[in-house]
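With positions in the sequence shown counted from 1, the corresponding number in my numbering is that position plus 330. One structure is given below, encoded as structure tokens.
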Amino acid sequence: MEHKYGKALTAALALLFCAASSPVALVPSYADDVAPGSAAEKDAGAAEKQEMKSSEVTIDADTVNYSEKTGIATADGNVRIRNSEIYLTAPYVEYDSQNNVADAYSDHRENVVIVSGGNTYTGKHLKYNMTTKRGVLTQASGKSGALYMSGGNVRVMPIEDAEKMGIVRRAKRRRAVSEDVAEWQNVTATTCNFPEPHYRLVSRKVIIYPGKKTVLKNPKIYLGKTLLMTYPFDYIVGKKNEGLAPIIRYDSTKGGGFGIKGPIDIGKFGELDIAGIYWTQDIWEAKVDYSYEITDGLTLFGRSLRLYNDDTDETVWRPSWGLSYEKNGWEAGVWWAEREIIGNDDDTGSTDDYDVWRKPEIYLNTPWFDERLTGGRIRLFGSWGKYKDDSRYTSDEFTERYVYGAAYSGRPKWSLGIFKPFYGARYAAYEYPDDDASQKVTNAWFGFRYKLGSVSLSSAYRRRWVDGRSPMRWDRYYDNEYFTQTISFPLPFGRSWEKWSFSIRGQYDLKKDDIYSLRYTLTYDRHCMTWRLWYHDDRHDDEKRVGLTFFIDAYPEYQVNLGGDSGNDRKKSGDF
């Protein structure tokens, strides 16, 4: 099973671990952690402590008593405590103003509740130390977006303290801002809100790096009450990593394929993602993907793919490496590649695969900017590089290429009666050293989604205009024009919380006046997870494929595919 819960799990706990940017933090019940003059408190910088103490704390309750002698405020009944980051409710709270420590207690009727940013978390006892950034919430549970979590005690602390305690390992590198780490005991996570969820992940210990990743220590994966498997490594969920997943594929050239993929946590040395698959035509393919975060947003990566090229009948290792930067929507990087497989349609509509060398490529993409007039968004992009491919029409010399352009997409909230529009465009200019060699490629599309009774439909028109010609084969584009129609209707069976449907999608080649492809899909939506059995008739390449797709409804972008879909997309991304 393939999951990628990093964004959801981290977001769910970000409130509790807001000490990275807030003067308030959870505090463990250990005396050494909260006592005045403790090592952790002394290590906090004077400027940082002054900033923490200057944060105003407001306490409201049915009864509030304050002792000037002890500096302790006791609040009883409907207690509400807030500052710029935290809103806390509890039946009873003791606040030590001298040491910036707050104790919140539940009773037989009410739990301690924390609310922030629309997220809510509960527990039996909460203790904050606003200075040392250490703390504990006992018997914690909570919800963020679609994810429900529950477990034992949560400890949060600066990452430096977690290293000293042996909780985490990290690379010794300079960071722009301080980090916090949370340790959560006996955690169950699921997106299913049923009393007995359809699936769940259970781990004795979870390490959370807020905004980065979550590491589940050897979790058990359950479907209902059935133990599906115990993950043999530390299970990483985050922005770029996925969990252990089986690989089942079929390819008309390679036959049936069976394998496995998943990440391996290597601690302070970075992150490693591996995969392997064996095909019945005596072909095996593999992936080794390594990344190391140098600093916030800047990552060193290396990848080697062992892939088969059916046009050259070769199976070789295809390495790539470089640096990438992603922050606040900006994307940039520099990378090299050898024998990268890229598929490209020729002027007849059939697809050829090319081995491509990059030496190197430098790229820069802006964030997406909202365009309020049309309800869309736009971004700019550009790149420079030197390339060559294995085409017999191309020399062994590298060809220089500049690319610049813009992309636009829109899906406005307004509608035209029953019709909900979507549209977009992409323009890219490709410039080469030869004055006679250049390409201007424009893609545009628009369509509507609409319903007729219980039947859902989607109609879309897409066209590409190409002006000029590339001196290389792998990035040579041609005019095309397609119309796509999808129709989906519900099936009259299943329980009240289950949904069955059947859909047909056809793509028509308007230039050739012929059907390009047909796809048939049977969908079973089981409240919190979806299964899709599909059959794809790819008529332009005379290839037929069948497969099964599974995903958690809350995260449809992270799918398990048993079968395999677009072969060319798989080769480009190295996804098995």
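Glycine included, C-beta positions come from ideal geometry on N, C-alpha and C. Nothing here was measured: the structure is a model prediction, and the numbers come from that model.
Spell out whether any CB of chain B is found under 9 Å from the CB atom of residue i.
{"i": "Thr642", "result": "This model lacks chain B altogether; it includes just one protein chain."}
What would DSSP say about residue i, mapped onto helix, strand or coil?
{"i": "Ile538", "result": "strand"}
{"i": "Phe728", "result": "coil"}
{"i": "Phe699", "result": "strand"}
{"i": "Lys591", "result": "strand"}
{"i": "Lys598", "result": "helix"}
{"i": "Glu398", "result": "coil"}
{"i": "Asn773", "result": "strand"}
{"i": "Val498", "result": "coil"}
{"i": "Ala470", "result": "coil"}
{"i": "Asp805", "result": "coil"}
{"i": "Glu661", "result": "strand"}
{"i": "Arg741", "result": "coil"}
{"i": "Gly481", "result": "coil"}
{"i": "Lys454", "result": "coil"}
{"i": "Asp682", "result": "strand"}
{"i": "Ala349", "result": "In this prediction, Ala349 has a pLDDT of 31, which is less than 50 and means its spatial position is unreliable; nothing more can be read from the coordinates."}
{"i": "Gly747", "result": "coil"}
{"i": "Ser427", "result": "coil"}
{"i": "Arg900", "result": "Any reading at Arg900 must be qualified, since the residue scores a pLDDT of 38, below 50, and its modelled position is unreliable; no value is offered."}
{"i": "Ser826", "result": "coil"}
{"i": "Phe778", "result": "strand"}
{"i": "Phe524", "result": "coil"}
{"i": "Ser768", "result": "strand"}
{"i": "Ser582", "result": "coil"}
{"i": "Asn441", "result": "coil"}
{"i": "Arg875", "result": "strand"}
Taking the alpha helix (DSSP H) that residue i falls in, what are its first and last residues?
{"i": "Ile489", "result": "489-494"}
Let me check one thing: in DSSP terms, what residues is residue i bridge-paired to?
{"i": "His870", "result": "In DSSP, His870 forms no bridge with anything."}
{"i": "Tyr422", "result": "Asp406, Tyr435"}
{"i": "Tyr846", "result": "In the DSSP output, where bridge partners are listed per residue, Tyr846 has none listed."}
{"i": "Arg688", "result": "Ala667, Tyr717"}
{"i": "Trp647", "result": "Arg636"}
{"i": "Ala736", "result": "Leu710, Tyr757"}
{"i": "Thr860", "result": "Asp855, Phe881"}
{"i": "Met559", "result": "Ile551"}
{"i": "Ser533", "result": "Val517"}
{"i": "Asn413", "result": "Bridge partners of Asn413: none, in fact."}
{"i": "Glu656", "result": "Glu661"}
Is it right to say residue i is buried, meaning 16 or more other beta carbons lie within 10 angstroms of its own, or is it exposed?
{"i": "Glu644", "result": "exposed"}
{"i": "His866", "result": "buried"}
{"i": "Phe823", "result": "exposed"}
{"i": "Asn523", "result": "exposed"}
{"i": "Phe599", "result": "exposed"}
{"i": "Val484", "result": "buried"}
{"i": "Met487", "result": "buried"}
{"i": "Tyr451", "result": "buried"}
{"i": "Pro549", "result": "buried"}
{"i": "Arg806", "result": "buried"}
{"i": "Leu637", "result": "buried"}
{"i": "Ser397", "result": "exposed"}
{"i": "Asp603", "result": "buried"}
{"i": "Phe699", "result": "exposed"}
{"i": "Ser896", "result": "Bear in mind that the predicted position of Ser896 carries a pLDDT of just 39, short of 50, making it unreliable; the figure below should be weighed with that in mind. By the 10 Å Cβ count, Ser896 comes out exposed."}
{"i": "Ser436", "result": "buried"}
{"i": "Asp685", "result": "buried"}
{"i": "Lys457", "result": "buried"}
In the DSSP assignment, the beta strand (DSSP E) including residue i goes from what residue to what residue?
{"i": "Pro820", "result": "810-820"}
{"i": "Ala512", "result": "510-520"}
{"i": "Glu601", "result": "601-609"}
{"i": "Asn548", "result": "Neither: Asn548 is in no beta strand (DSSP E) and is coded neither H nor E."}
{"i": "Asp619", "result": "613-625"}
{"i": "Ser788", "result": "785-799"}
{"i": "Pro751", "result": "750-761"}
{"i": "Gly836", "result": "829-839"}
{"i": "Asp390", "result": "388-390"}
message: Any contact between the segment 837-849 and the segment 712-720? By contact I mean 3 or more CB pairs, one from each, below 8 Å.
response: no
field: Three or more C-beta pairs below 8 Å linking the segment 781-790 and the segment 754-762
entry: no
task: Kindly confirm or deny that the segment 427-445 and the segment 391-408 touch, where touching means at least three C-beta pairs closer than 8 Å.
output: yes
query: Does the segment 640-654 touch the segment 764-776, meaning 3 or more C-beta pairs lie closer than 8 Å?
result: no
query: On the three-pair Cβ rule with 8 Å, is the segment 603-616 touching the segment 649-657?
result: no
field: Three CB pairs or more closer than 8 Å across the segment 820-839 and the segment 490-499
entry: no
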